[in-house]
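So the sequence lines, in the order shown, correspond to chains A and B. Each residue of the first sequence is one higher than the one before, counting from 36 in this note's numbering. Each residue of the second sequence is one higher than the one before, counting from -17 in this note's numbering. Each residue gets a CB set at the ideal place from its N, CA and C atoms; glycine is no exception. Below: one structure, written as structure tokens.
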Amino acid sequence: MTIAGAHAGAMTGLRRLISGAMARDLTAFVLPGPSVARSMGLDLAGSHLRVVGTPRHASVLIVVGPLPAGLRDAAAVIYAQMPRPRAILALGAGDIAPLPDAHVSAPLTRAGLQSGLADLRRVIAAGAFRADTGEFTAPALEVRVEYTCPMHPEIVRDAPGDCPKCGMTLVPRETASNGHGGHDTPQEDTPSPAGHAHAGHADDAGGEGPYICPMHPEVVSDVPGKCPKCGMFLVTAEEVESHGHGHGDHGQGHGSKAQGAHMHGDPAAGSAQMHHDVPDEAHHGHEGDGDHCGHGEQADHAGHTGHAGHGDHSAAGLDGIEPHFMSMVELTEGQPRSSDGLQMEWIEAPFGPFFPGLPAGLHLNLTLDGDSVAGSEVRSLVGATELVDGPQMTAGDFVERLAAMMPLSPAAYRTLACAAVEEAAGVEPDHNARRGRAAAVERERIASHLGWLAEFGLQSGFLWLAARAGALQLAVGNADIDGIAAQAGAIRRLIRRVEAAPLMRMRLRRIARIGKDAPASGPVDRARGGGADARAGDPTLIALGFEMRVRDGGDALARLRLRCDEIAQSLDLIAAAGRIAVPRLPDVGRVSGEGAARIETPRGAASLSVKLVDGKVVEAELDTPSDVNIALVETVTAQQELGDALSAVASLDLSPWEVRG
Amino acid sequence: MSIVVVLVSLAAGAYVLAVIERWAVQGHLSLTGPAWAALALLGRESLLARKSDRLFFELGPVLLLVAGLMAVAVIPLAPGLIITDLATGALFLNAALAYVLVALIMAGWGPNGAYAMIAGWRFLGQFIAYAMLIVMPITAVAMRAESLSTVEIVASQAQLWNVLYQPMGFALFVVAAMGLAWLPPLDLPDAAGELAGGVEAEYTGVRLAVLRLARMVIILALAGATVTFYLGGWLGPWLPPWGWSAIKILAVAAAMLSVGRYMPRIREARYLALSWKLGISLALANIFVVGVIALVVPI
């Protein structure tokens, strides 16, 4: 028995021993992420495998639950980056293409995980090596070679030859496979050294623009003249561009050599897409197979497109053009300057959608000026699915669908859907049901905040916190009222220790500050000395003793402390409620009507309105807290050091599943 | 002869340290874990990153290992049990470990990936933070011993260990050593949650095994240096000298490995600011105080 991702080579005695070692020492990369796995009740930390943060160090890819379509291409890239032997364990995953078929599949339960891992160990011990191994190339990584003239970029040929315009020998370059994304325009992805502006694109730059100083980009004038700061003649934007890399009308014209692919065509399609999908292969996205000696048939052309990483390689990448000695002054002339005035080459580094320490499914594209963030672009790759699936969707199906759509807080969204449908149907849940539901949402709040603490611990290297909070999150997940009471002491001790941990204040204070006027939701809102909590208007919770918790500061530290406060309060609320009951929708029959509900999910207020016709949901509209908070990413990362920027994004506790806008 | 003994002890020490590291990182103790992990690494593909700078990529881990081994050469494990007792041993240690910076920048640059590259440059920034704080406490140690020979330095602590004689120097040296070995909470170049492994991110298979081994050797070298400079080296009652050396070095290494588990990683800017504004002032004060004590009370 062998696995498709086996390492090349015959099974010899030594290799048998090594295979045994591999079976014992499983290193796993988890999709969509360890946090999602914990939300689903899977205890990966207790399963004798090591969860690693980069596919390069993983031998097993564990796919937990159905993988959203928007993440599958990126998942294939992750698999392609894993060194062989490699295997896939799918837990209740369903369709995972373009990933190859899972080598072991099991149901999404704790028992399923254990049996799946046991099977996987057997498979690896027996078949880690085999003589003939199959290639796997992620569609997003497929490239082909085309030939272009160094002087006339518009000349692109499939075969080597001479330029019809100037007779120069065409030079090869790599580009995305056209098969991917149905995108037929060849990408301009050959980085060019400074001085070789992309002449072919310079005419995009528009007509006479405003005049700016080449040294002081902040000096802008409508008429020609001299710079008041340095006396240099002002130049048009076009002239500046031609010194740089000809970014056409791109608003913020980055100075990096790594621009081509992003500038031409839709960044969501074709080769540009892979930059968004490659989580840890920033500018060069190598792929696992092609480049290894021994499997290297594709070594010269497989792999990647687009960006070359650093300067040296980019110059070398354009055959036939000698990289000359480059003066820093010339090299950086006309490029944007960061606020500290220090001129550095800007690079674009993609983080996510599977980056450890960021919410799984979130894609963050950072433009880095040295190690500080000059620009950021964030989006959820999970993608919004339709709330109402077809005209024949019963209210019960709708509730299940909404709960399944939000794996990070299913109970809250189930409660929300029930409340909205019940209002539309004119059904009133009784007092006990209300208390039970409120407690179920509070339990999820505890679990969710603990999960956030675990993620923060992982991101910031506070591994004790990551392990402890993760374990408690699992223990709370589906615990009954006695289970919660049993864990309450441990949870309160954890909270006290988190707040008193050395370096904690230093790490988070003044990070990701958010002013009072920026729209924000949930703990992010309440951690700035005020804000709103949808629970404040709920008589059930007020009867249980709810009072809105608030923290001052508006920074990441305040958010951490507020989440800790809320955990403690939710423990009290659950104890007061005395029962936990995940809501079930009563049979609403064939009613018609409209209803709306609003509840405080762990991440903030979510509201839902539904329209029932004949007991079927025909229309629904959902507003989520992450939709509000994701807009804050750009503000909180601007001009931050990379580590601070990532802490800042993490402090917002975004759920990519909630992002619908 | 002693070179063989030292290298064998080094291998044993590195293994024990790997056990401790797994315990610190994953929370459960497994005596055989590192052996299986190492064996598994040897059987895995050792990928060469695309468009990599092959020379830097290959040399980085090796240079790191060489730097660590050179540093180990001047650590005495017992009287006579040292690879080479240089008259300038303390300085040599420092010179050897300077290559850690070069090796990490090469390893970061080599694979042509943004995460690794940023990690490599981050370590350059970190160097500015720790470098002075390695050298200046060593200066105070050498002042007391009136020698740069590591054997002499141990001998000078027969009356009173340096950890009590110059506690401030000890504290500064340990923190700086943790910075040099990029141990949490000063693990900026491989920051798991920030750079997905940083300089280690692109290494797989045998190359990764070399990188990890080199890291262990460097941690052992630094723990050995801490013991030599501050904890009386092989000195101690009852046990044989090598026994004391082994216990002390492993205890220091274990402490350095596990302390970061209980706190978040420091921010780079704060680390630099603290090292320069506070650390260097304290190190200067330490040199001054040790100088006065050495003149007034000769022990």
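Name, please, each residue of chain A whose Cβ falls closer than 8 Å to the Cβ of residue i.
i                     : result
residue 100 (chain B) : 384, 403, 406, 677
residue 248 (chain B) : 538, 541, 542
residue 166 (chain B) : 496, 498
Any beta carbon from chain B within less than 9 Å of residue i's own beta carbon?
i                     : result
residue 52 (chain A)  : yes
residue 163 (chain A) : yes
residue 67 (chain A)  : no
residue 153 (chain A) : no
residue 174 (chain A) : no
residue 138 (chain A) : no
residue 88 (chain A)  : yes
residue 681 (chain A) : yes
residue 80 (chain A)  : yes
residue 311 (chain A) : With a pLDDT of only 34 at residue 311 (chain A), under the threshold of 50, the placement of this residue in the model should not be trusted, and no figure is reported.
residue 528 (chain A) : no
residue 187 (chain A) : no
residue 94 (chain A)  : yes
residue 91 (chain A)  : yes
Taking Cβ positions only, does residue i come closer than 9 Å to chain A?
i                     : result
residue 245 (chain B) : yes
residue 3 (chain B)   : no
residue 274 (chain B) : no
residue 147 (chain B) : no
residue 261 (chain B) : no
residue -3 (chain B)  : no
residue 265 (chain B) : no
residue 22 (chain B)  : yes
residue 97 (chain B)  : yes
residue 15 (chain B)  : yes
Counting C-beta neighbours from all protein chains within 10 Å, is the total for residue i 16 or more, i.e. buried, or is it exposed?
i                     : result
residue 29 (chain B)  : buried
residue 184 (chain A) : buried
residue 10 (chain B)  : exposed
residue 33 (chain B)  : buried
residue 467 (chain A) : exposed
residue 274 (chain B) : exposed
residue 190 (chain A) : buried
residue 143 (chain B) : buried
residue 522 (chain A) : buried
residue 250 (chain B) : buried
Quick one: list the residues of chain B neighbouring residue i, beta-carbon separation under 8 Å, in chain order.
i                     : result
residue 42 (chain A)  : 25, 26, 27
residue 597 (chain A) : Chain B residues near residue 597 (chain A): none, gap ~18 Å exceeds 8 Å.
List the residues of chain A that residue i touches, going by C-beta distances under 9 Å, in chain order.
i                     : result
residue 67 (chain B)  : Neighbours of residue 67 (chain B) on chain A: none; closest Cβ ~38 Å, over 9 Å.
residue 242 (chain B) : 496, 497, 498
Please list the partners that residue i has in chain A, where partner means a Cβ-to-Cβ separation under 7 Å.
i                     : result
residue 252 (chain B) : 541
residue 7 (chain B)   : 498
residue 18 (chain B)  : 56, 59, 60
So which residues on chain B does residue i lean against when the C-beta distance must stay under 7 Å?
i                     : result
residue 47 (chain A)  : Correct list: empty, because the minimum Cβ distance to chain B is about 11 Å.
residue 118 (chain A) : 26, 27, 29, 186, 187
residue 414 (chain A) : What residue 414 (chain A) touches in chain B: nothing, since even the nearest Cβ is about 19 Å away.
residue 699 (chain A) : Nothing about residue 699 (chain A) can be reported from this structure: the residues present for chain A run from 36 to 696 only.
At a CB-CB cut-off below 9 Å, which residues of chain B make contact with residue i?
i                     : result
residue 545 (chain A) : Residues of chain B passing the Cβ test: none, with the nearest at roughly 10 Å.
residue 73 (chain A)  : Going along chain B, no residue has its Cβ under 9 Å from residue 73 (chain A), so there is no contact; the nearest lies around 15 Å.
### Message
So if I threshold CB-CB distances at 7 Å, which residues from the stretch 378 to 400 of chain A count as touching chain B?
### Response
382, 384, 390, 391, 392
#### Entry: Against chain A: residues of the stretch 99 to 131 of chain B by CB proximity under 9 Å
99, 100, 103, 104, 107
### Message
As an exercise, report each continuous alpha helix (DSSP H) stretch of at least 4 residues that is fully enclosed by the stretch 573 to 642 of chain A, in chain order.
### Response
Whole alpha helix (DSSP H) segments, 4+ residues: 574 to 578, 591 to 612.
### Query
Listed in chain order, which residues of the stretch 488 to 519 of chain A have Cβ atoms closer than 7 Å to some Cβ of chain B?
493, 494, 495, 496, 497, 498, 499, 502
### chain B contacts from the stretch 474 to 487 of chain A (Cβ-Cβ distance under 9 Å)
none
### Query
What are the complete alpha helix (DSSP H) segments, minimum 4 residues, inside the stretch 434 to 496 of chain A?
445 to 460, 466 to 495
### Task
Pick out the complete alpha helix (DSSP H) segments inside the stretch 105 to 191 of chain B, 4 residues or longer, and give them in chain order.
132 to 137, 144 to 147, 149 to 162, 174 to 177
#### Entry: Residues, ordered as in the chain, of the stretch 195 to 214 of chain B that lie near chain A by beta-carbon distance below 9 Å
none
### Query
What residues in the stretch 161 to 192 of chain B bring their beta carbon closer than 9 Å to a beta carbon of chain A?
Going along the stretch 161 to 192 of chain B in chain order, one finds 166, 167, 169, 170, 173, 174, 175, 176, 177, 178, 179, 182, 183, 184, 185, 186, 187, 190 with a Cβ nearer than 9 Å to chain A.
### Task
Taking only runs that begin and end inside the stretch 491 to 558 of chain A, name each unbroken beta strand (DSSP E) of 3 or more residues, in chain order.
none
### Task
Note down, one range per segment and in chain order, each alpha helix (DSSP H) of at least 4 residues found wholly within the stretch -14 to 66 of chain B.
15 to 25, 36 to 54
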